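In my numbering, the protein residues as written are 294 to 750.
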């Protein structure tokens, strides 16, 4: 069910509109993960490194996501700012937010490129990346950071399209660029023997094309979000709002990633379990599909709540939030059941030479996907809070849960010999999900009641 035109998120039946809004995001995300998986499988099957390619890519995940997520949070800030302006039907504010956001994406992309290339090797070493995969992981990561400018332009632009109720265009653009990326991956790895660097370079080419398509769509648009190069400038009020909402959102996203960096170091300390590093990396790649699903509902609740806050329709804000909670829970339970039942066949797509690695992959999948619906509740509520314009409280809660509790667990309980096992590490995930979800819900109720009361008075 794909919408044939952009949706007006502050009018009409919420359930059907929300399904029509979220499905293209989910479909796009799943396709992205499938093609990413195909890339890694291709690198593992035809590259020179074999299963070490899977482990090398997995070893970089936490670090690159940590850096990218902080700045990508600014794109969240721009999406919320644009959705508020659209809900309020303020054309001047909409235009200023769009042009400020797109210029900011170029600046952020440039910063990420320089920082990523300069420090990737040092940081991977500091994380205790196993020496046998350190060189390949470092080369892959440096080449990957060349994608940052087009990635930021694409993310900011796609966020603006979604804030305007259009979730189709990003999907269409991916359908154009993804096959090109897969073809280039094969050529760079099989023909030019570039191994994991070829994987990154294929991403650079395809992401640049995707960014160009998003910019082209914004420039040809006849709607309120039209982009013009001559109007690209920083406007102080929109920039302030984007950063006020985006920086805390970026910190919130990076707290999750920062805890993963510490957890990755803990994972590396368990390398004495045969096949564990590879099995953990493969299972983590499968988890990316779950992140797509919960992230899609985060974006959906943020967009619906944001537009209705701008339109000052607070009864619809509440209904949008609880509808997104219900839909997300059902979707995550269905996905979790499928992944747990078919865990071994799914892992076998990544791993062809190690039964031990498949065993440890199944262990991680069981611990993560069983209670995964709680993460869905957490992410959906996080999106609703962003839609309300609340970022700092959300960030503090994430700092407590992801950075505080998870890192404390890794540095204390996990060090105890009895708990120094994969199971002793994985159990902290659902514990923190529960704590964060409860705190977020309490904040949502308080802020919602306060804003509604302020409007009525």
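Beta carbons are placed, not taken as given, at the ideal position from N, Cα and C, and that holds for glycine.
Note that the structure is predicted; figures quoted are calculated from it, not measured.
Non-local C-beta neighbours of residue 662 in its own chain, meaning closer than 6 Å and more than five positions away in sequence, comprise 629, 632, 633, ordered along the chain. Judged by DSSP secondary structure, residue 584 falls within the alpha helix (DSSP H) whose first and last residues are 569-603.
Within the same chain, 725 come within 6 Å of residue 698 by CB-CB distance, once the 5 residues on both sides are set aside. Boundaries of the alpha helix (DSSP H) around residue 498: 488-513. Nearest to residue 376 by C-alpha distance, out of 535, 701, 644, is 535. Across the set 741, 478, 489, the C-alpha of 741 shows the shortest separation from the C-alpha of residue 674.
Taking a contact as a CB-CB distance under 8 Å, the pair residue 365 and residue 546 counts as one, their CB atoms being some 7 Å apart.
For the 8 Å CB-CB criterion, residue 548 and residue 692 form a contact. Put simply, of 653, 689, 625, 636 the residue whose alpha carbon is nearest the alpha carbon of residue 666 is 625. The region 626-659 contains, as complete alpha helix (DSSP H) runs of 4+ residues, the segments 636-641 (chain order). Judged by beta-carbon spacing, residue 541 lies beyond the 8 Å limit of residue 390, meaning their Cβ atoms are not closer than that value.
The way I'd put it, the region 495-508 does touch the region 450-465; three or more beta-carbon pairs between them come closer than 8 Å. The beta carbons of residue 681 and residue 733 sit no closer together than 8 Å. Straight-line measurement puts the Cα of residue 618 at about 33 Å from the Cα of residue 385.
Distance from the CA atom of residue 498 to the CA atom of residue 561, rounded to whole angstroms, is 32 Å. Of the other Cβ atoms in all chains shown, fewer than 16 fall within 10 Å of the Cβ of residue 648; this residue is therefore exposed. In this structure, residue 436 keeps its C-beta atom at 8 Å or more from the C-beta atom of residue 324. Spanning the alpha carbons of residue 357 and residue 543 requires a straight line of approximately 14 Å. Each residue's CA atom was taken as its position, placing residue 302 and residue 596 some 8 Å apart. In the DSSP assignment, residue 473 falls within the alpha helix (DSSP H) that extends over 461-479. For residue 491 and residue 349, the gap between their C-alpha atoms comes out near 14 Å.
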